[in-house]
Amino acid sequence: MKNFADFVSKLNKVNFTSIDGKTLIGEFLGNEVTLNLSIKVLQFAETETPLQAILSLSINGSQVAFWGACDQKDNSDMVRFWNATKGYVVNEAYSIEDAQRKQAKQLFEVL
């Protein structure tokens, strides 16, 4: 992988379905995929960013890849990707809960 966009192109193939803290959990070709976000505090000069975002990817419990932000743009891109993906997962979970709630209400009405 040459850059963060290459890394994201692989991540976009994963069907993320749930979240546990700072870990997204999903599936790809029948395998469990987890993506963890961490932040590392760096020793820095005045012109560098003091924090580095790191995404670690594991498949079936084994870490297979990670990407550490190289600069502030990478940090921003990583956080945007994380927030968008997390938002999608949360919205999907709410949609499923809402559908289940509607179905349960219909069943209750039949009682």
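Reminder that position 82 of the sequence shown reads as 93 in our numbering, one-by-one numbering, no gaps. We treat Cβ as the ideally placed atom computed from N, Cα and C, and that holds for glycine. Since we're looking at a predicted model, the values are computed, not measured.
Closest option to F92, judged by alpha-carbon separation, among K13, M12 and D17: D17.
At a Cβ-Cβ threshold of 7 Å, T34 and N26 do not count as neighbours.
For N42, the three-state secondary structure derived from DSSP is strand. The region 66-103 is shown to contain whole beta strand (DSSP E) runs of 3 or more residues at 73-79, in chain order. Non-local C-beta neighbours of S29 in its own chain, meaning closer than 6 Å and more than five positions away in sequence, comprise I36, ordered along the chain. At a Cβ-Cβ threshold of 7 Å, I70 and V100 do not count as neighbours.
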